[in-house]
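**Q** Heads up: the sequence shown at position 178 corresponds to 514 in our numbering, and the numbers run straight through without jumps.
We treat Cβ as the ideally placed atom computed from N, Cα and C, and that holds for glycine.
Mind having a look at this structure? Questions to follow.
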Amino acid sequence: MRAIYGFFGSIRYQRPPQLEPGEAKERFVLIQPPKQDLFSGVFSPETVKPAPVGAVWFPAPATRASRRVVLQFIGGALVLGWDVDVIGQRAADIMRRHLKVTNTLVAQYRLAGPKTRFPAATQDVLTVYHYALSLVTSSKDIFLSGDSAGANIVLALLRYLESSQAQLPLPGGATLWSPWVRVAADSAQEYRSLPNSQKDLLVDYLLDWGANAYLPGGDLQREAEPYISPLHHPFRTETPLFIQAGADEAYYDTIKSFADEMSGIESNCHTARSVWTPE
337 MRAIYGFFGS
347 IRYQRPPQLE
357 PGEAKERFVL
367 IQPPKQDLFS
377 GVFSPETVKP
387 APVGAVWFPA
397 PATRASRRVV
407 LQFIGGALVL
417 GWDVDVIGQR
427 AADIMRRHLK
437 VTNTLVAQYR
447 LAGPKTRFPA
457 ATQDVLTVYH
467 YALSLVTSSK
477 DIFLSGDSAG
487 ANIVLALLRY
497 LESSQAQLPL
507 PGGATLWSPW
517 VRVAADSAQE
527 YRSLPNSQKD
537 LLVDYLLDWG
547 ANAYLPGGDL
557 QREAEPYISP
567 LHHPFRTETP
577 LFIQAGADEA
587 YYDTIKSFAD
597 EMSGIESNCH
607 TARSVWTPE
């Protein structure tokens, strides 16, 4: 996997998002953005507007009878896209087997680039969440899930939902797999200094590309920093969290620090923290 990250990171290849059914057929959905007033504050700059989001259901679209629906956001340093049917099926199988999920929706948020910097991806997560709310009886039937960069934008959505700007109910929970919690212009330099960076799956130049393609610049960057780089910016949430990181990951200590910060907020008493601890 490190070789794949290295190759795509070196040539800066971005797989176009799937905006038509293709082989997914009836499992595919093109989700239109909700009304503009749901996007406010840092989610509504003049330069980046909400856009339709392609997503694929596993094993089939959710209905009112669905007991537990997961919205899955795949990682890739905010710049890499994947074959949704391949990656999505693996994620859905894990969710069904271990979390008793009935339906998983794998969404293809916009990848970072000159015209799709922050908050493009987070706008897309909000669009997908709003759509899912229309399919279930209660928002508590919806669970957010993301790995790496996907977990980063899940955290951004939760922060937004908890803010006074939001007008939507909270989900039933969120699972954050190896979340990328420090996204900064010096991400590559920081990564190289970490003890396990040489045996981790990631490569420094991919992180450099992703971070600098995503950061908005200008006046928005300071206001948006907690949404982009949540480390040292803990926030109150009523949503239970499961945070996971492998002990051999380069970012293990960083992720553990973030989990500790979130658990340190007294009102987050219902937040579950689970970070694998080295033996």
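With a floor of 3 residues, list each beta strand (DSSP E) that falls wholly inside the region 416 to 499, ordered by position along the chain.
**A** Entirely contained in the region 416 to 499, the beta strand (DSSP E) runs reaching 3 residues are, in chain order, 439 to 444 and 478 to 483.
**Q** Write down every uninterrupted run of the beta strand (DSSP E) in the region 368 to 417 whose length is 3 residues or greater and which is fully enclosed by it, in chain order.
**A** For the region 368 to 417, whole beta strand (DSSP E) runs of length 3 or above, ordered along the chain, are 389 to 394 and 405 to 409.
**Q** How long is the line joining the alpha carbons of Gln368 and Ala443, rounded to whole angstroms?
**A** For the purposes of this step, residue 368 is identified with residue 32 of the sequence shown, where counting begins at 1. For the purposes of this step, residue 443 is identified with residue 107 of the sequence shown, where counting begins at 1. Straight-line Cα distance between these residues: approximately 13 Å.
**Q** Verify whether the separation of the beta carbon atoms of Pro450 and Ser475 is less than 7 Å.
**A** The residue labelled residue 450 in the question sits at position 114 within the sequence shown. The residue labelled residue 475 in the question sits at position 139 within the sequence shown. No, the pair does not count as a contact, with Cβ atoms beyond the cut-off.
**Q** Please report the straight-line C-alpha distance between Ile478 and Thr383, rounded to a whole angstrom.
**A** Indexing the sequence shown from 1 puts residue 478 at position 142. Indexing the sequence shown from 1 puts residue 383 at position 47. Whole-angstrom Cα-Cα distance: 30 Å.
**Q** Could you please give the first and the last residue of the uninterrupted alpha helix (DSSP H) stretch that includes Ala547?
**A** For this step, residue 547 is matched to residue 211 along the sequence shown. It spans Asp540 to Tyr550 - the alpha helix (DSSP H) in which Ala547 sits, taken as one unbroken run.
**Q** Does Leu571 come out as helix, strand or coil in the three-state DSSP assignment?
**A** Here residue 571 is taken as the residue at index 235 of the sequence shown, counted from 1. The residue you asked about is not Leu; residue 571 is Phe in the sequence shown. Correct three-state label for Phe571: coil.
**Q** Figure out for me which residue from Ile347, Asn532, Arg403 and Val437 has the closest Cα to the Cα of Thr511.
**A** Along the sequence shown, one-based indexing puts residue 511 at 175. Checked all of Ile347, Asn532, Arg403 and Val437; the closest Cα to Thr511 is Val437.
**Q** What's the gap between the Cα of Thr575 and the Cα of Ile591?
**A** Taking the sequence shown and counting its residues from 1, the one referred to as residue 575 is at position 239. Taking the sequence shown and counting its residues from 1, the one referred to as residue 591 is at position 255. Spanning the two alpha carbons is a distance of roughly 18 Å.
**Q** Excluding five sequence neighbours on each side, which residues of the same chain lie with their C-beta closer than 7 Å to the C-beta of Arg338?
**A** In the sequence shown, counting from the first residue as 1, residue 338 sits at position 2. If we look at Arg338 and ignore the five residues flanking it on each side, its Cβ neighbours are Leu537 and Val539.
**Q** Can you tell me whether Thr473 is buried or exposed, with buried defined as 16 or more other CB within 10 angstroms of its CB?
**A** Stepping through the sequence shown from its first residue, residue 473 is reached at position 137. Its Cβ having fewer than 16 others within 10 Å, Thr473 is exposed.
**Q** Using CA atoms only, rank isn't needed, just tell me which of Tyr587, Trp393 and Leu355 is closest to Leu471.
**A** Translated into positions along the sequence shown, residue 471 becomes position 135. Of the candidates Tyr587, Trp393 and Leu355, the one whose C-alpha sits nearest the C-alpha of Leu471 is Trp393.
**Q** Have a look at Val420, Tyr527 and Phe454 and flag the residue whose alpha-carbon is nearest the alpha-carbon of Leu543.
**A** Locating residue 543 in the sequence shown gives position 207, counting from the first residue. Comparing Cα positions, the closest option is Tyr527.
**Q** Please check the pair Ala485 and Gly411, which I expect to be a contact at CB under 8 Å, by giving their CB distance rounded to whole angstroms.
**A** As a working note, residue 485 is residue 149 in the sequence shown. As a working note, residue 411 is residue 75 in the sequence shown. Rounded, the Cβ-Cβ distance is 4 Å, consistent with contact.
**Q** On a Cα-Cα basis, can you pick out the residue from Ala549, Ala456, Met598 and Arg348 that is closest to Pro570?
**A** Walking along the sequence shown from the start, residue 570 turns up at place 234. Considering only alpha carbons, the answer is Met598.
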